[in-house]
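Numbering (my numbering), first residue to last: 4 to 253.
Below is one structure, written out as C-alpha cells; comments come after it.
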C-alpha cells in the first residue's frame with residue numbers, strides 16, 4: 004500500500020508530492036491576485052466574460068437561491084449570479100486569501116455586501132454542513148485542486164437535493180491540428196504576456212501547463228457522474244477551448 008506521503012500529483016508539468024501542491028497553488032494565486040482579472044483576459048483573449056455569461060444562461064439563477072462559488076477568488080461568478088437572481092446569497096470560497104481581498108475591493112462587492120460571504124477554505128474539505136446550498140459553481144479553479152474527484156464529491160455533499168453543479172474550465176479541442184495551434188499560442192505567447200503584464204512568467208507558465216494536464220471533456224464528465232450527479236452534460240465553449248459541465252443532485 005502506498006503511504007499517503009508518497010503520493011504525487013501534477014504541478015504544471017512537474018511531479019510534486021500531493022502535500023506540496025496546495026501551497027504552490029496558493030503561491031501562484033497570491034502572486035497574480037491583483038492582476039487576476041487582467042490575467043483571465045490574457046488567457047482567454049477576453050472571451051472568458053462571454054463564457055461566464057453563457058454559464059449564467061444555462062444555470063438560470065432564481066431569486067432566493069444560495070450559491071457556493073468555490074475558487075471564487077475575485078467574485079466574478081457570484082456577482083453575476085446575484086445580479087441574475089435578483090435576490091439570494093453567495094458564499095465565495097477560495098484557498099488564497101489575497102484573491103478574496105481583491106474580490107472584496109470591487110465595486111460590486113460594496114453594492115452586494117449583505118448578500119455575500121467570503122471564506123478561506125479548501126475545495127476538498129469544505130467547511131459547510133451537508134445539504135447547505137442550491138448551487139455550486141467552480142470557474143477555472145478545479146484544475147488547480149490536488150484531487151479534483153474529492154472536490155466533486157464535496158460539491159455533491161454540500162448541495163441540497165435538487166441542487167445544481169456547474170464547472171467552467173479550460174479544456175481540450177477535439178481537432179488535433181487546432182489543439183496544436185492552440186498549444187503553440189499558449190506555450191509561446193501567454194507566459195510572455197504574463198511577464199509583461201504581471202512581471203510573472205512562472206505563474207503563467209504553470210497555468211498553461213495545468214490546462215494541458217486537465218482531463219478532457221468526456222473523462223471529466225465521468226468524474227462528475229462518479230461523484231453521484233445525475234443528468235450530467237457538458238457544452239463546449241469556443242470549440243472546446245473551455246467547457247461547461249453541469250450536473251444535478253437528484
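All C-beta atoms in this analysis are idealised placements derived from N, C-alpha and C, irrespective of residue type, glycine included.
Quick caveat: nothing in here was measured; it's all calculated off a predicted structure.
> Does DSSP put residue 17 in a helix, a strand or coil?
Replying inline: Reading the chain shown from its first residue, position 14 is the one you call residue 17. In the three-state scheme derived from DSSP, where H, G and I count as helix and E and B as strand, residue 17 is classed as strand.
> How long is the line joining the alpha carbons of residue 114 and residue 71, rounded to whole angstroms?
Replying inline: Position 111 of the chain shown, counted from the start, is the residue given in the question as residue 114. Position 68 of the chain shown, counted from the start, is the residue given in the question as residue 71. Near 19 angstroms, if we compare the C-alpha coordinates of residue 71 and residue 114.
> By Cβ distance below 6 angstroms, which residues in the same chain neighbour residue 217 in space, the five residues on each side in sequence not counted?
Replying inline: Counting from one through the chain shown, the residue named residue 217 turns up at place 214. Same-chain partners within the cutoff: 146.
> According to DSSP, which residues form a beta bridge with residue 140?
Replying inline: Translated into the one-based positions of the chain shown, residue 140 becomes position 137. Among the bridge pairs identified by DSSP, residue 140 is matched with 72, 169.
> What distance in whole Å lies between the Cβ atoms of residue 95 and residue 127, which are believed to be in contact at a cut-off of 8 angstroms?
Replying inline: If you number the chain shown from 1, residue 127 lands on position 124. If you number the chain shown from 1, residue 95 lands on position 92. Not confirmed; about 17 angstroms, so no contact.
>> Please return the same chain residues whose Cβ sits closer than 7 angstroms to the Cβ of residue 83, not counting the five positions on each side in sequence.
In response: Position 80 of the chain shown holds residue 83. Around residue 83: 55, 59.
> Can you tell me where the alpha helix (DSSP H) with residue 186 in it begins and where it stops?
Replying inline: For this step, residue 186 is matched to residue 183 along the chain shown. First-last of the alpha helix (DSSP H) with residue 186: 179–201.
>> Rounded to whole angstroms, what is the Cα-Cα separation between residue 208 and residue 136?
In response: Translated into positions along the chain shown, residue 208 becomes position 205. Translated into positions along the chain shown, residue 136 becomes position 133. Approximately 35 angstroms between the Cα atoms of the pair.
>> For residue 5, which residues in the same chain have their Cβ closer than 6 angstroms to its Cβ, ignoring the five residues on either side in sequence?
In response: Here residue 5 is taken as the residue at index 2 of the chain shown, counted from 1. Residue placement at residue 5 cannot be trusted, given a pLDDT of 41 that sits under 50; the coordinates are not used to answer.
> If you draw a straight line from the C-alpha of residue 7 to the C-alpha of residue 125, how long is it?
Replying inline: Reading the chain shown from its first residue, position 4 is the one you call residue 7. Reading the chain shown from its first residue, position 122 is the one you call residue 125. Confidence at residue 7 is low in this model, with a pLDDT of 47, below 50, so its placement is unreliable and the value that follows should be read with caution. Roughly 18 angstroms between the two C-alpha positions.
>> Beta-carbon within less than 7 angstroms of residue 38's beta-carbon, same chain only, minus the 5 sequence neighbours each way: which residues are those?
In response: The count along the chain shown starts at 1 and reaches residue 38 at position 35. Cβ within range, chain order: 200, 201.
> Should residue 67 be counted as a contact of the ligand SAM given a C-beta to heavy atom distance under 8 angstroms?
Replying inline: This structure does not include the ligand SAM; it has no bound ligands of any sort.
> With a Cβ-Cβ cutoff of 9 angstroms, do residue 253 and residue 237 count as a contact?
Replying inline: As a first step, residue 253 must be located in the chain shown, where it is residue number 250. As a first step, residue 237 must be located in the chain shown, where it is residue number 234. Cβ distance not < 9 angstroms, so residue 253 and residue 237 don't count as in contact.
>> Less than 7 angstroms between C-beta atoms, sequence neighbours within five positions excluded: which residues of the same chain meet that for residue 107?
In response: Locating residue 107 in the chain shown gives position 104, counting from the first residue. The residues are 121.
> Can you name, in chain order, every residue of its own chain whose Cβ lies under 8 angstroms from the Cβ of residue 104, other than the five neighbours on each side?
Replying inline: The residue labelled residue 104 in the question sits at position 101 within the chain shown. So the qualifying residues of the chain are 36.
> Roughly how many whole angstroms lie between the Cα atoms of residue 13 and residue 190?
Replying inline: Along the chain shown, one-based indexing puts residue 13 at 10. Along the chain shown, one-based indexing puts residue 190 at 187. Looking at the backbone, the Cα of residue 13 and that of residue 190 are separated by about 17 angstroms.
> Name the DSSP bridge partner or partners of residue 251?
Replying inline: As a first step, residue 251 is located in the chain shown; it is residue number 248 there, counting from the start. DSSP output for residue 251 lists 167, 233 as bridge partner(s).
> Assuming residue 245 contacts residue 172 under a Cβ cut-off of 8 angstroms, what Cβ separation, rounded to an integer in Å, is found between them?
Replying inline: Numbered from 1 along the chain shown, position 242 holds the residue referred to as residue 245. Numbered from 1 along the chain shown, position 169 holds the residue referred to as residue 172. Indeed they touch by this definition, with Cβ atoms about 6 angstroms apart.
>> At 4 residues or longer, what runs of the alpha helix (DSSP H) sit wholly inside the segment 38–71?
In response: 39–47, 51–62
>> Determine whether the beta carbon atoms of residue 142 and residue 123 lie at a separation below 9 angstroms.
In response: The residue labelled residue 142 in the question sits at position 139 within the chain shown. The residue labelled residue 123 in the question sits at position 120 within the chain shown. Result no, Cβ atoms of residue 142 and residue 123 do not sit closer than 9 angstroms.
>> Just verifying my parser: in three-state terms, what is the DSSP assignment at residue 133?
In response: In the chain shown, residue 133 corresponds to position 130, counting from 1. Three-state result, residue 133: coil.
>> Buried or exposed, going by whether 16 or more other CB atoms sit within 10 Å of the CB of residue 181?
In response: In the chain shown, the residue the question calls residue 181 occupies position 178. Residue 181 comes out exposed.
> Looking only at its own chain, which residues have a Cβ that is under 7 angstroms from the Cβ of residue 85, when we skip the five neighbours before and after it?
Replying inline: Locating residue 85 in the chain shown gives position 82, where the first residue counts as 1. Here the set comprises 91, 93, 115, 118.
>> If you follow the alpha helix (DSSP H) that residue 161 is in, where does it begin and where does it stop?
In response: The residue given as residue 161 occupies position 158 in the chain shown. For residue 161, the enclosing alpha helix (DSSP H) has its first and last residue at 151–161.
> Which residue's Cα is closest to the Cα of residue 174: 204, 140, 215?
Replying inline: Within the chain shown, numbered from 1, the residue matching residue 174 stands at position 171. The shortest C-alpha separation from residue 174 is found at 215.
> Can you name, in chain order, every residue of its own chain whose Cβ lies under 6 angstroms from the Cβ of residue 213, other than the five neighbours on each side?
Replying inline: Indexing the chain shown from 1 puts residue 213 at position 210. Answer for residue 213: 15, 146, listed in chain order.
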